[in-house]
Amino acid sequence: MGSRGSNVNVLVIGTGYVGTTTGLVLCEKGHIVTGLDIDDKKVEALSAGRLHFYEKGLPELLKKHLTEKNISFTTDVKTAIEQNDLIFICVGTPKNEDGSANLNAVYSVAKMIGTYMNKYKVVINKSTVPVGTASKVTTVIEAENGKVPFDVVSNPEFLREGSAVYDALHPDRVVIGSSSKKALEMMRQLYAAENSPFIETTPSAAELIKYASNSFLALKISFINQLARLCDNMQVDIDEISKGIGLDHRIGPHFLKAGIGYGGSCFPKDVSALITIAKAEGMDLSILEEVKAINQSQPFYFLEKVEKVIGGLDNKSIAVLGLAFKPGTDDTRESPSLVILDELTSKGCSVKVHDPIVTLSNPYVKQCKDVLDAVAGVDAVLLITDWEEYLKLDWEKVKSTVKQPYVFDGRNVLNKQELVKFGFNYEGIGKP
Ligand code: UDX
Numbered sequence: 003m004g005s006r007g008s009n010v011n012v013l014v015i016g017t018g019y020v021g022t023t024t025g026l027v028l029c030e031k032g033h034i035v036t037g038l039d040i041d042d043k044k045v046e047a048l049s050a051g052r053l054h055f056y057e058k059g060l061p062e063l064l065k066k067h068l069t070e071k072n073i074s075f076t077t078d079v080k081t082a083i084e085q086n087d088l089i090f091i092c093v094g095t096p097k098n099e100d101g102s103a104n105l106n107a108v109y110s111v112a113k114m115i116g117t118y119m120n121k122y123k124v125v126i127n128k129s130t131v132p133v134g135t136a137s138k139v140t141t142v143i144e145a146e147n148g149k150v151p152f153d154v155v156s157n158p159e160f161l162r163e164g165s166a167v168y169d170a171l172h173p174d175r176v177v178i179g180s181s182s183k184k185a186l187e188m189m190r191q192l193y194a195a196e197n198s199p200f201i202e203t204t205p206s207a208a209e210l211i212k213y214a215s216n217s218f219l220a221l222k223i224s225f226i227n228q229l230a231r232l233c234d235n236m237q238v239d240i241d242e243i244s245k246g247i248g249l250d251h252r253i254g255p256h257f258l259k260a261g262i263g264y265g266g267s268c269f270p271k272d273v274s275a276l277i278t279i280a281k282a283e284g285m286d287l288s289i290l291e292e293v294k295a296i297n298q299s300q301p302f303y304f305l306e307k308v309e310k311v312i313g314g315l316d317n318k319s320i321a322v323l324g325l326a327f328k329p330g331t332d333d334t335r336e337s338p339s340l341v342i343l344d345e346l347t348s349k350g351c352s353v354k355v356h357d358p359i360v361t362l363s364n365p366y367v368k369q370c371k372d373v374l375d376a377v378a379g380v381d382a383v384l385l386i387t388d389w390e391e392y393l394k395l396d397w398e399k400v401k402s403t404v405k406q407p408y409v410f411d412g413r414n415v416l417n418k419q420e421l422v423k424f425g426f427n428y429e430g431i432g433k434p
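In our numbering, the protein residues as written are 3 to 434.
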């Protein structure tokens, strides 16, 4: 038992954004948490109250729970595993070349857990893992642990970068996949403070819920993004369509914002992983192949517009606003901006970039600290990440510094009427 009443001691293995967020939110619920990582630099930084990534609200939680001694960080694998009864696996599951999920980190953590398993424990897969991984993790642990009883549980996370703390504190549902009554009881105790729906199901169903959830969200985005192209042709405002269909409670208003496409470390990886999982079963999820194809082509559709409107890209000076895959994070993994930068530089443009948080090491583009430096003297301004800063920009002042008055709004978030009033030619995606 932890020193805070009827709460438990929890070990979180992997102190990335999922592990650190999960651990600190468990502290908020009164538990005592140990964060374990093999990277001593990360452990050192976290122990000193420093995060190695940007996530709103997390620095404050880290400082609070370090001060209250509810969380500590270590590289001592043996002690950490021996001293905790609930062990979360929160390590990365990046995409392999063939689209499948790379589980090397998950299996090496499972091996460590088996090696140092000194008494009954519940091993909890928080990482996004293919269907059937819980039983594979069980096999890996059994091979090491000399018959000490344990259970493996699937407990997928649904955290969005930039709002991970909020999402972890207010989950729409808690999904637990386990066939062990004892493990389910311990998980109920862990999430006792939760007043969200609690789904108890099989490990495989829990694993599939995660992939299906992300794939459906990605599908909504690709649907509205392809419809936005039709709206361009029909001179219809895609945001009016989103509003009109989103009021149907069966559809809902969320994830219907048309733009340049989704990025991040999850949607692209999880859509590919689910396609691969289906293929391994000899099944075909062609709908997700289309979701992926639409998303991969959306930045090119956007650039075709730019090329047509400004009369070619060669020798043009372009400002790209936004590098992160979405606002509120410093994560550029699979960010549409990276595709845009590659295309523009390969087509002979001189490119200046700005992002409020991300610093990019790309020798072919000039990163500017100030937005006005980025837009000075350019032939076109491309908004790629909908940072608040760009919505509040003094666009009248921008108009006085650009060489040509072209704005391309990759997230359909700028005020077209205002920009036209300042003398800009405004182009969105599905925005007549
Ligand atoms: C996503 C899921 O939302 C989360 O539940 C899961 O745990 C991890 O993957 P994340 O990738 O962090 O979270 O961000 P999210 O807010 O979902 O946005 C993903 C991408 O979709 C971003 O590039 C965003 O710009 C884009 N997006 C989102 C749209 O293009 N349109 C929308 O309407 C919503």
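Virtual Cβ for every residue (Gly too), placed ideally from N, Cα, C.
Asked: Buried or exposed for I201, going by 16 or more other Cβ atoms inside 10 Å?; Found: exposed
Asked: How should A50 be labelled, buried or exposed, when 16 other C-beta atoms within 10 angstroms of its C-beta is the threshold for buried?; Found: exposed
Asked: Could you tell me the boundaries of the alpha helix (DSSP H) in which E390 lies?; Found: 390 to 393
Asked: Count the other CB atoms, across all protein chains shown, that sit within 10 Å of the CB of I253; report buried if there are 16 or more and exposed otherwise.; Found: exposed
Asked: Between the region 419 to 429 and the region 315 to 326, can you find at least three pairs of beta-carbon atoms closer than 8 angstroms?; Found: no
Asked: Quick check on H356: buried or exposed, where buried means 16 or more other Cβ atoms within 10 Å of its Cβ?; Found: buried
Asked: Could you tell me if G7 is buried or exposed, where buried requires 16 or more neighbouring beta carbons within 10 angstroms of its beta carbon?; Found: Note that G7 scores a pLDDT of 47, beneath 50, so its modelled location is shaky and nothing firm can be said.
Asked: In the DSSP assignment, what are the bridge partners of N127?; Found: I91, S156
Asked: Quick one: what's H256 bridged to in DSSP?; Found: H256 is not bridged to any residue.
Asked: Run the proximity test for K259: is its beta-carbon closer than 7 angstroms to any non-hydrogen atom belonging to the ligand UDX?; Found: yes
Asked: Helix, strand or coil, according to DSSP, for K418 in the structure here?; Found: helix
Asked: For the beta strand (DSSP E) containing G37, list its first residue and its last residue.; Found: 34 to 38
Asked: To the nearest angstrom, how far is it from the Cα of G246 to the Cα of I431?; Found: 17 angstroms
Asked: Thinking C-beta only, is S102 closer than 8 angstroms to A275?; Found: yes
Asked: Short of 7 angstroms in beta carbon distance, which residues of its chain neighbour L290, apart from the five on each side in sequence? Order them along the chain.; Found: S217, V273, L276, I277
Asked: Within the same chain, show all residues whose beta-carbon is closer than 8 angstroms to that of D388, passing over the 5 residues directly before and after it, in chain order.; Found: G261, G324, K328, P329, R413, V415
Asked: Taking the C-alpha atoms as reference points, what is the distance between T140 and E345?; Found: 45 angstroms
Asked: CA-CA distance, L38 and A47?; Found: 13 angstroms
Asked: Only counting the same chain, and skipping five residues up and downstream in sequence, which positions put a Cβ closer than 6 angstroms to that of Q300?; Found: N227, I262, G263
Asked: Taking just the CA atoms, how far does K405 sit from P96?; Found: 42 angstroms
Asked: When burial is assigned at 16 or more other CB atoms within 10 Å of the CB, is H256 buried or exposed?; Found: exposed
Asked: Compute the beta-carbon to beta-carbon distance between A185 and D234, rounded to the nearest angstrom, for a pair I have assumed lies under 8 angstroms.; Found: Actually they do not touch by this definition, with Cβ atoms about 52 angstroms apart.
Asked: Does DSSP put V311 in a helix, in a strand, or in coil?; Found: helix
Asked: I'd like to check one pair, F90 with L171: are the Cβ atoms closer than 8 angstroms?; Found: no
Asked: For L210, which residues of its own chain have a beta-carbon under 6 angstroms away from its beta-carbon, when the five flanking residues on both sides are left out?; Found: V133
Asked: Tell whether a beta-carbon distance below 8 angstroms holds between V308 and L221.; Found: no
Asked: Along the chain, where does the alpha helix (DSSP H) containing N216 start, and where does it finish?; Found: 205 to 236
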